[in-house]
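Take a look at the structure set out below.
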Amino acid sequence: MATAPLLAPASLRADFPGLAGNWAYLDTAATAQKPQAVIDAVVRAMGTDYATVHRGVYARSAEMTRAYEAARQSVARFMGAASPEEVVFVRGATEGINLVAQSWGDRLQPGDRILLSELEHHSNIVPWQLLAERRGLVLDVAPLTEDGRIDEDAAIALIGPQTRLVALAHVSNVLGSVLDVKRLADAAHAEGALLLVDGCQAAPHMAIDMAALDCDFYVWSGHKLYGPTGIGVLWARGSILASMPPWQGGGAMIETVSFERTTYAPPPQRFEAGTPHITGAIGLAAAIDYVESVGLSAIRGHEATLLRAAREALGRINSVRLFGPENSAGILSFAVDGVHPHDVGTILDEAGVAIRAGHHCAQPLMAQLGVPATARASFGLYNDMQDVERLADGIARVTRIFGVK
Ligand code: PMP
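Residues in the sequence shown are numbered consecutively from 4, following my numbering.
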């Protein structure tokens, strides 16, 4: 495999005030640090540019409305949506999935089936369990391959005439494994089912294009794409979104209200009740600009090179067990024999290396891997080879402290 060139993280790192100080930040899969351009955009939006959207008759509010809707257009372009009307601003992936479960899910009938996989994040499990309890549905669970990818053949075999929805992660937040979305979309559609993709860990690492992926719903969170917290995206195919009832009632989502009869605005407003996260949407658009200025294919190559180096370095330590496939997207989970991942994380922290240790909101996957928790290093566009070396040195120290080889 050819090694992709590294970006120049020293100059990129300087864009991120959160990276100041002598630490190796390897927890980007939990949340990404923010570039100054995003911070500035949010500060401007909360300061000199601030006003509400949609309702004001004065110029400042009209400008804010334009900026908010321009952010929607940026998102639509970024993800290859057919139209900005297909983009609903939500709090994050979790809210996007709950929206689909509560609104679209209302049409499901007892005995209908939803297919998930063993590696899903809790936010792509629990909303479906809640819906299944309400509507009498059956949840099917696709197994994983030996190397920790969703077993696509087995998943496809589980899609039958009763399957109404397939809901899978594009990239696993624990293993970094990448799904062939188009393949699953074709298989779901062949049985008349829809495909929801949890793109939380894909959007920061690879170009996403709704037309090419051919899925029906796609959700992601802004804070993992170097944007603010509290803002995320639900994309849904226009015809499907138009068929969905509101999920929350309030201002901004209506056409007319009377005590006799209320009518609802068309999408996306129908799904955005209340004053939206105006400054978050504007910050998200700035994050998209930033990521596009670096380039997603360059980011993908950079992170793949770092990942390979990390796998090699940790793979040389006998007591380290690596999880997930070799070509994972920016994420590496591992265990050190005989050492609890929390201890690994604490010892690394003493050396200024920040990783995540725990079940990563994927307890069914932990059960499948046969561990209570893993240690996880995850990479972003600002990481470099020094971060990899510090990680490997830190793990070597863990093995010395615990006397494992
Ligand atoms: N899905 C995946 C794969 C994730 O990694 C996460 C965040 N860890 C989520 C869903 C939930 O995202 P949020 O907490 O931003 O709603």
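All residues carry an ideal CB built from backbone N, CA and C; glycine is no exception.
| query | result |
| --- | --- |
| Near ligand 1: Asp201 beta-carbon under 7 Å from a heavy atom | yes |
| Gly397: CB within 7 Å of a non-hydrogen atom of ligand 1 | no |
| Reference Pro344; option with closest CA among Met369, Leu187 and His173 | Met369 |
| DSSP-derived helix/strand/coil call for Thr6 | coil |
| Reference Val236; option with closest CA among Tyr385, Gly59 and Val103 | Val103 |
| Nearest neighbour of Glu123, chosen from Arg80, Gly298 and Val181 [CA to CA] | Val181 |
| Separation of Gly179 from Val93, as counted between CA atoms | 24 Å |
| Gly277: CB within 7 Å of a non-hydrogen atom of ligand 3 | The model depicted lacks ligand 3 and carries ligand 1 instead. |
| Of the listed residues Phe382, Ser322, Pro248 and Asp18, nearest to Ser296 (C-alpha basis) | Asp18 |
| Proximity to Thr410 [Cα-Cα], best of Ala288, Met388, Gly327 and Val184 | Residue 410 cannot be examined here, being either before or after the span of the chain that is shown, 4 to 408. |
| Distance between Arg379 and His362 (C-alpha atoms, nearest Å) | 10 Å |
| With 16 other Cβ atoms within 10 Å as the buried cut-off, status of Phe262 | exposed |
| heavy atom of ligand 1 below 7 Å from Asn101 C-beta | no |
| Anticipated Cβ contact below 8 Å, Leu228 with Ala313, distance rounded | 22 Å between Cβ atoms; not a contact. |
| Gly383 - DSSP class collapsed to helix/strand/coil | coil |
| Where Pro207 falls, given that 16 or more other Cβ within 10 Å makes a residue buried | buried |
| Within 8 Å, strictly: CB atoms of Leu299 and Ala210 | yes |
| Rounded Cβ spacing between Ala316 and Val391 (contact assumed at less than 8 Å) | 6 Å |
| Distance cut-off 7 Å: His343 Cβ against heavy atoms of ligand 1 | no |
| Given Asp2 as reference, the closest of Gln165, Glu194, Ala158 and Ala193 once Cα atoms are compared | It is not possible to answer for residue 2, since the shown part of the chain is limited to 4 through 408. |
| Candidates Glu353, Gly397 and Arg240: closest to Glu89 by CA position | Arg240 |
| Sub-8 Å separation of Tyr385 and Gln36 beta-carbons | yes |
| Ligand 1 heavy atom lying under 7 Å from the CB of Ala32 | yes |
| Near ligand 1: His124 beta-carbon under 7 Å from a heavy atom | yes |
| Alpha-carbon spacing of Arg319 relative to Gln105, whole angstroms | 48 Å |
| From Val323, Ile404, Ala84 and Thr166, residue whose alpha carbon lies closest to that of Ala193 | Thr166 |
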